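Numbering (our numbering), first residue to last: 1159 to 1281. Beta carbons: idealized from backbone N, C-alpha and C, even for Gly. Since we're looking at a predicted model, the values are computed, not measured. I have placed the structure first, in the form of structure tokens, so that the comments after it can refer back to it.
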């Protein structure tokens, strides 16, 4: 199992627009081998003393934190899908304008990375 994790700041008034993008993104990533996608909207994100989710994405007034992840069979599958997904026509319009100018979030402040689960339990 391999996980691509993301945190980002989204204007609260763009929640529905973000959800729409996330739904469309799933249609792309699943075609390239993703096993699951989870998108979580901030409900209880406390300010920390040293660091926190808001500081990590430089959250501004009126923005909410989104915490999300995509799971893959393995890192090789995730890596092999990347360039193919970026070349997919659906990705070019996923965020609205081809230049991304009407994205429902600021991609420059998104934090992301790849992880191998250390512990994974399900009931």
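Reference residue i, options the options, closest by Cα
i: residue 1273; options: 1241, 1238, 1227; result: 1227
i: residue 1161; options: 1176, 1280, 1233; result: 1233
i: residue 1198; options: 1251, 1164, 1230; result: 1164
i: residue 1172; options: 1281, 1261, 1212; result: 1261
Contact check, residue i vs residue j, beta carbons under 8 Å
i: residue 1248; j: residue 1185; result: yes
i: residue 1230; j: residue 1192; result: yes
i: residue 1203; j: residue 1195; result: no
i: residue 1276; j: residue 1182; result: no
Residue i: CB within 7 Å of a non-hydrogen atom of the ligand COA
i: residue 1216; result: No copy of the ligand COA occurs in the structure displayed, which carries no ligand at all.
Whole-angstrom distance between residue j and residue i, CA atom to CA atom
i: residue 1239; j: residue 1224; result: 23 Å
i: residue 1200; j: residue 1222; result: 6 Å
i: residue 1205; j: residue 1167; result: 14 Å
i: residue 1236; j: residue 1189; result: 12 Å
i: residue 1175; j: residue 1264; result: 13 Å
i: residue 1279; j: residue 1243; result: 29 Å
i: residue 1269; j: residue 1246; result: 23 Å
i: residue 1250; j: residue 1207; result: 39 Å
i: residue 1209; j: residue 1271; result: 18 Å
i: residue 1212; j: residue 1241; result: 30 Å
i: residue 1217; j: residue 1281; result: 34 Å
i: residue 1170; j: residue 1177; result: 12 Å
i: residue 1215; j: residue 1159; result: 26 Å
Beta strand (DSSP E) segment containing residue i, residue limits
i: residue 1273; result: 1269 to 1273
Terminal residues of the alpha helix (DSSP H) in which residue i lies
i: residue 1250; result: 1247 to 1250
Beta strand (DSSP E) runs contained entirely in the segment 1167 to 1240, provided each spans 3 or more residues
1194 to 1199, 1221 to 1230
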